[in-house]
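Per the working numbering, the sequence shown starts with residue -7, numbered consecutively.
This report refers to the structure that appears directly beneath it.
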Amino acid sequence: MRDVLRRARRAVRRTAARVRRRGRRATLAWRSSMQLRVTSSALTIGVVAVALLSTYLSSTIRDGLFEQRLEEVLLESARSTAQAQATFTSAPATGTTQVQSLLNDTLPVLQAGGSAGREVFLWRATGSTAPASVLDPSTAPQLAPLVSADLRASTSTGDGQRWQSVAVPVDGQEVPGVIVGATVDVPVAGTYELYFLYSMEPEETTLAFVQQVLGIAGAVLITILAVITWTVTRQAVKPVQRAAEVAERLADGHLGERLPVRGEDEMATLARSFNEMAASLQDQIQRLDELSTLQRRFVSDVSHELRTPLTTVRMASEMIYAHRDDLDPVLKRSAELLQTQLDRFEDLLADLLEISRFDAGAAVLDAESRDLRDVVTSAIDQAMPLAEHKGVWLSATYCEGSATADIDPRRVERIVRNLLVNAIEHAENGPVEVRVAANAQAVAVHVRDHGIGMAKDDVEHVFDRFWRADPARARTTGGTGLGLAISLEDALLHGGWLDAWGRPRQGAAFRLTLPRRAGIVLAGSPVELVGAEPLERGDDPRPHEEHGPATLPALDALSTVPVTHHAPDRGEHP
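What follows is the structure, given as structure tokens:
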């Protein structure tokens, strides 16, 4: 029994699931097609209108047929009653036998004198003193129960005719009918009640035929309405669908797509206007593309051309810088400034060449399977001298297990190095925390500082080229203003993300997320942006070990957590 109930429940659940799926598909089809919505709306309105009209016509015809037939019945029964009364009045009956014979002879005459199918009942009135030997004749004794007590009580008053609607059983079915009653005086027997039963089966057949005709006419009308609505909406929707397809093709870069123009109507005017707009956009896009190509070529050519004079200036500057001790203090300082600015100039040229490669779509990945922790360790090693100089505490926490991914080590190391340098520069002697995490889909690096931070509006522009939150702030590390822009391009080239967060006086955080394998579409990151709590100044996660300013863990110990690199405290940390 339990197995039967379990199978029944499963069958019910499967049926419900199929119904839900079909309902969702129907809803989606209805919502995604304007033609279907317009047609279904027109059909709904048409069905409601036809149903209301058919109901009204059917009710009106039914009432008309009934009223007409009732009037005929009342007139006919009145004539028959008068005829019966005349017969009874003129009859010479003086005994019960003669009265019974008179009643029996009159009954068939009354039945035959009216409409076909009429039944006649001739009963002794309630409370009559007629001899009991006179029987109550009727043409259909089995239908006698149709004459209700209320109708008999109303008829026995003798005040005109009384009628009542009844349901007449015919061949196992019920058809509508009317009973009309009146009183007549019978010789010797006294007052009798005379009832005529009329069947309205012909009228019901007529009404059913009219209703059938109305139903067929309504179905034909709704079908015609559906065809007309579908055809009209198709004529209006088809050009819109075609315009949407062409717009999608234009958005995909097929600028030569155009709409066909037919006729002189509103749709033809729309198609011509759309084609003119597309031609204008194509012309502008082509001009902008040519201008962008010229600009990229200009930047690349200038960057290459500047290398030759820069090399000459670099050689002369190095000679002057090498003999700076032989110069007076003013010239010595000038030589040092010249050397520093030449370094920045070379970095700027290198960044401009890299940006031009990204703009030209010529940047390619030299990917290989590498552990992200090794790349981050190398970037930290390069950033440690700057952290020591700035007095910034630098800590690194690595995930347990492998963080291997298909990456370009040079580009990823450049991203991490840029993030570290920016964090150290803006940390204002606060700690900088690095976290490396991984999951089955991606690997990530999270760099957090607790310095001056950024406003929410600044976060939206932090990856713009040559952008600075505070234009008056000097680049003490010689940055070019292109580091974060190049980092973002490197991350996108890997199919990854580079996110930023910042709040004034709460610091800033950057998160690099890269897929482990090419083709993986990232759905999340292994590490939350700004997920780590701030590291208190002077706190060493491993207080029982001694670390120098540039202490780095062995590569075979990178899977342990945490790993800490910290710079001298510059007198501020114990």
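By construction, the Cβ of each residue, glycine as well, lies at the ideal position given by its N, Cα and C atoms.
Owing to the predicted nature of the structure, the values given are computational and were not obtained by experimental measurement.
The C-beta separation of E481 from F350 comes to about 5 Å, placing the pair in contact by the 8 Å criterion. In this structure, the CA atom of A270 is about 18 Å from the CA atom of R254. Take the alpha-carbon of R306 and the one of N414: they are about 27 Å apart. Assignment of T131 by DSSP, reduced to helix, strand and coil, places it in the coil class.
DSSP lists V172 as the beta-bridge partner residues of W155. Annotation: the continuous beta strand (DSSP E) that includes L506 extends over G499 to P507.
Of the candidates P507, G499, D293 and R509, G499 places its Cα closest to the Cα of L521.
In terms of CA proximity to M259, P231 leads the group L286, L280, P231 and A243.
DSSP places I220 inside the alpha helix (DSSP H), whose first and last residues are E193 to A243. In the three-state reduction of the DSSP assignment, V167 falls in the strand class, which pools E and B. Exclusion of the five residues before and after K324 leaves R316 as the residues of its chain whose Cβ lies within less than 6 Å of its Cβ.
Residues of the same chain with a CB within less than 7 Å of the CB of A235, apart from the 5 flanking positions on each side, are L251 and F266 in chain order. As computed with DSSP, H438 is found in a beta bridge with R427 and R503. Taking one beta carbon from each stretch, the segment 387 to 401 and the segment 416 to 435 have 3 or more pairs nearer than 8 Å; the two touch.
Bridge pairing for Y187: F113 and G173 [DSSP]. Y184 sits buried, since 16 or more C-beta atoms from the chains shown fall within 10 Å of its C-beta. In this chain, the beta strand (DSSP E) harbouring A388 covers L386 to Y390.
Annotation: the segment 238 to 318 contains the following complete segments of the alpha helix (DSSP H) (minimum length 4 residues), in chain order: 258 to 314. Taking the Cα positions, L186 is about 11 Å away from L95.
Membership of E64 in the alpha helix (DSSP H) is indicated by the continuous run M26 to S82.
Residue range T396 to I399 is occupied by the beta strand (DSSP E) that includes T396. Of all alpha-carbon atoms in S148, A70 and S326, the one lying nearest the alpha-carbon of Y313 is that of S326. Sequence-distant Cβ neighbours of L199 in its own chain, meaning closer than 8 Å and more than five residues away, are S50, I53, R54 and L57. Under the three-state reduction of DSSP, A447 is assigned to coil, being neither helix nor strand. Here D320 is exposed, its C-beta having fewer than 16 other C-beta atoms within 10 Å. Inside the segment 316 to 353, DSSP marks whole alpha helix (DSSP H) runs of 4 or more residues at positions 321 to 351, from first to last along the chain.
Within the same chain, and ignoring the five residues on either side of G443 in sequence, the residues whose Cβ sits closer than 6 Å to its Cβ are H418, A419, E420, G422 and G499. With contacts defined by Cβ atoms closer than 8 Å, G106 and Q75 do not form a contacting pair. In summary, L474 is buried, with 16 or more beta-carbon neighbours lying within 10 Å of its beta-carbon over all protein chains present. Note that the segment 168 to 178 touches the segment 147 to 154; at least 3 beta-carbon pairs, one per stretch, sit closer than 8 Å. In the assembly as shown, G445 is a buried residue. Its beta-carbon has 16 or more other beta-carbons within 10 Å. As computed with DSSP, P496 is found in no beta bridge at all. DSSP places S479 in the uninterrupted alpha helix (DSSP H) bounded by G475 to L485. The straight-line gap separating the alpha-carbon atoms of S348 and T225 is approximately 51 Å. Rounded to whole angstroms, the Cβ separation of F337 and V439 is 27 Å, and the two are not in contact under 8 Å. Between the alpha carbons of L206 and D(-5) lies a gap of roughly 52 Å.
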